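A.B. asks: Under our numbering, think of the first position of the sequence shown as 141, with each following residue one higher. The structure is given below, and queries will be raised subsequently.
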Amino acid sequence: MYFQHVYDKTLAQASYFIGCQAKGEAIVIDAKRDIDTYLEIAKQNNMTITHIAETHIHADFLTGSRELAKVTGAKMYLSDEGGEGWQYEFDHIGVKNGDVIKVGNLTLEVIHTPGHTPESISFLLTDHPATKEPVMLFTGDFVFVGDIGRPDLLEKAAGLAGTQDAGAKQMYKSIEKFASLPEYIQVWPGHGAGSACGKALGAVPSSTVGYEKIRNWAFQYNNNEKGFTDFLLADQPEPPKYFAMMKKLNKVDRPLLIEVPKHAKLSKAEFLDAYEKGIKVIDTRNKADFAQGFIPGSINIQGNNSFATWCGWMLNYDEQFILVADESQMDDLTRKLMRIGLDNIYGFVDNVNDFGFELEKADVIDLHEFKTYLNKPNVQVLDVRGAAEYETGHVEGAENLFVGTLKDNLDKIDKNKQVVIHCQSGDRAAIAASLLHKNGIKVKNFSGGMAEWKKNNNLTVTK
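So, in structure tokens, the structure goes:
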């Protein structure tokens, strides 16, 4: 057996390339959309991708299964579980609990593991030349290292009322099924630390059934379904806004993008014309460089591992946008965006000084100045972290307005007061400050955030 774990750290998303070396056949599970990665693996190992599978209809990324099938001619094996309303709406080979997919001398048994979603399945792999016993379980968003998939995404992100309670109960039953498997089986999940598909995912890429039974919180609620479901649904992070669109695009027929697109550098005239038409500008530079001078109205979303997630919060799928980025970054940034289906890049520019603007500057303040604004009647302090983070501990008097929903809550900001914002360590506050500035609200940004606040031992955190 040939095995390769392919990990996209920008979305904390894992996919898998598994091949039978004797037969030269391979399967890819939960492919990302920039499929050249898998084509290169196949080429380097003299294999043909003959099978493609998904564990469920994903909400957090746009899968590349159909792109990969288009290029390779491989068959797609997708869940037919979940009942009405949970079926893929394009051609595929449907699989149900107990079905077996044969890839050369390898077999993958389908196990229906609902809870995260009704149609969720896992794949139990047996490497027959080596053993008759199963050796690996590919769990998707069912069981992670140290955590399990959240059942509330369908309700919170896709607006499907009542699904989270039903999903939590289904997850309890699925966990019991998982616990009955041999303890030596390796567990390969669909996500790692940093994913919004759970709240306590471990950074280790894989585990075993036995290890999860003693370590994972989900297996500590024997004969206590209510305790399990209550804990599972509590304190989940805000699901990114784009999740609803991913759920739709992964289910219905859609245009395919089989290559990573190239984007043009805009001339001064092209940029100014687009800018005057109101096309959004996303500045991907480091927050410190952005603060020193930025194009009026631009939004600072740094081109780091969280770039796609925050673009998914700030952009919609109908609008074009321009990136401020070095040409050397464009392939990486394009890949990050295409993985969540944000394909409407109008072009890019690499120097904010080229267009004759009087650049604006962010008002970044230090801890000493931040303290001078606290508990003042003419000051509004905003904590733009997530609600669960805020509840864990916050600066006394600070109000919580999550950066992802900030543009929908501008009416909660008092323009007659001095607005001061912070997050954990500055990245989210940089996004929030630029967004507020774009909407005519001048703010002071305590960039050190809660990380710096907590380091100061004589300052308290309110719960």
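For each residue, glycine too, the CB sits at the ideal point set by N, CA and C. The structure presented is a predicted model; accordingly, all values stated were derived computationally and were not measured.
1) For Trp450, which three-state DSSP category applies?
2) Along the chain, where does the alpha helix (DSSP H) containing Glu249 start, and where does it finish?
3) For Gln520, which beta-bridge partners are listed by DSSP?
4) Using DSSP's beta-bridge definition, name the partner residues of Ser262.
5) Report the partner residues of His145 according to the DSSP bridge assignment.
6) Less than 8 Å between C-beta atoms, sequence neighbours within five positions excluded: which residues of the same chain meet that for Asn426?
7) Please determine, among His198, Ala166, Thr195 and Ile192, the residue with the shortest C-alpha to C-alpha distance to Lys183.
8) Mind reading off the beta-carbon distance from Leu463 to Ile422? Whole number of angstroms is fine, and I expect it under 8 Å.
9) If we require 3 or more residues per run, which beta strand (DSSP E) segments fall completely within the stretch 295-367?
10) Give the C-beta separation of Ile571 and Trp450 to the nearest angstrom, bearing in mind that I take them to be a contact with Cβ-Cβ under 8 Å.
11) If you reduce the DSSP assignment to three classes, tell me which class Phe282 lands in.
12) Where does the unbroken alpha helix (DSSP H) through Met386 begin, and where does it stop?
13) Express the C-alpha separation of Lys511 and Thr257 in angstroms, rounding to a whole number.
14) Please name the residue in Gly350, Arg394, Ile354 and Met311 whose C-alpha comes closest to that of Glu365.
15) In whole angstroms, what is the alpha-carbon distance linking Gln153 and Asp292?
16) With which residues is Val235 paired in a DSSP beta bridge?
17) Hey, would you say Ala171 sits closer than 8 Å to Thr203, going by beta carbons?
18) What distance in whole Å lies between the Cβ atoms of Asp281 and His331, which are believed to be in contact at a cut-off of 8 Å?
19) For Lys387 and Ala199, which I take to be in contact (beta-carbon distance under 8 Å), what is that distance rounded to the nearest angstrom?
20) Could you check which residue in Gly299, Val327 and Thr303 has the C-alpha nearest to that of Val275?
21) What does DSSP give as the partner residue(s) for Asn440 in the beta ladder?
22) In three-state DSSP terms, what is Ala166?
23) Among Asp176, Gly566, Phe143 and Glu295, which has the Cα closest to the Cα of Val543?
24) From this set, Phe430, Gly286, Thr532 and His252, which residue's C-alpha is nearest Leu218's C-alpha?
25) Could you tell me the boundaries of the beta strand (DSSP E) in which Glu505 lies?
26) Considering only residues of the same chain and omitting the five flanking positions on each side of Tyr361, which have a CB-CB separation below 6 Å?
27) Grab the span of the alpha helix (DSSP H) containing Leu179 for me, first residue to last.
28) Within 10 angstroms of its Cβ, does Ala409 collect 16 or more other Cβ (buried), or is it exposed?
29) Does the beta-carbon of Ser407 have 16 or more other beta-carbons within 10 angstroms, so that it is buried, or is it exposed?
30) Alpha carbon to alpha carbon, what distance is there between Pro379 and Glu295?
31) Quick check on DSSP: helix, strand or coil for Gly418?
32) Which residues share a DSSP beta bridge with Glu539?
33) Over what stretch of residues does the beta strand (DSSP E) that includes Lys578 continue unbroken?
34) Output the distance between the C-alpha atoms of Ala465 and Thr424, rounded to the nearest integer angstrom.
35) Would you kindly work out how many angstroms separate the C-alpha atoms of Thr247 and Phe495, rounded to a whole number?
36) Verify whether the separation of the beta carbon atoms of Glu509 and Leu522 is less than 8 Å.
C.D. replies: On the basis of the data shown:
1) helix
2) Counting along the chain, no alpha helix (DSSP H) covers Glu249; the unbroken beta strand (DSSP E) around it starts and ends at Leu246 to His252.
3) Val559
4) Answer is Ile251, bridged to Ser262.
5) Tyr156
6) Gln442
7) Ala166
8) 5 Å
9) 326-329
10) 6 Å
11) coil
12) Where Met386 is concerned, the enclosing alpha helix (DSSP H) stretches over Phe383 to Leu389.
13) 46 Å
14) Met311
15) 19 Å
16) Ser219
17) yes
18) 6 Å
19) 5 Å
20) The shortest C-alpha separation from Val275 is found at Val327.
21) According to DSSP, Asn440 bridges with Asp423.
22) strand
23) Gly566
24) For Leu218, the nearest C-alpha among the options comes from His252.
25) For the sequence presented, residue 505 should be read as Ile rather than Glu. DSSP places Ile505 in the uninterrupted beta strand (DSSP E) bounded by Asp503 to Ile505.
26) Gly367 and Phe368
27) Asp176 to Gln184
28) exposed
29) exposed
30) 10 Å
31) DSSP, read as helix, strand or coil, puts Gly418 in coil.
32) Leu522
33) Where Lys578 is concerned, there is no enclosing beta strand (DSSP E), although the alpha helix (DSSP H) it sits in stretches over Asp567 to Lys578.
34) 6 Å
35) Their Cα atoms are separated by approximately 59 Å.
36) Contact check for Glu509 against Leu522 fails: the beta carbons are separated by 8 Å or more.
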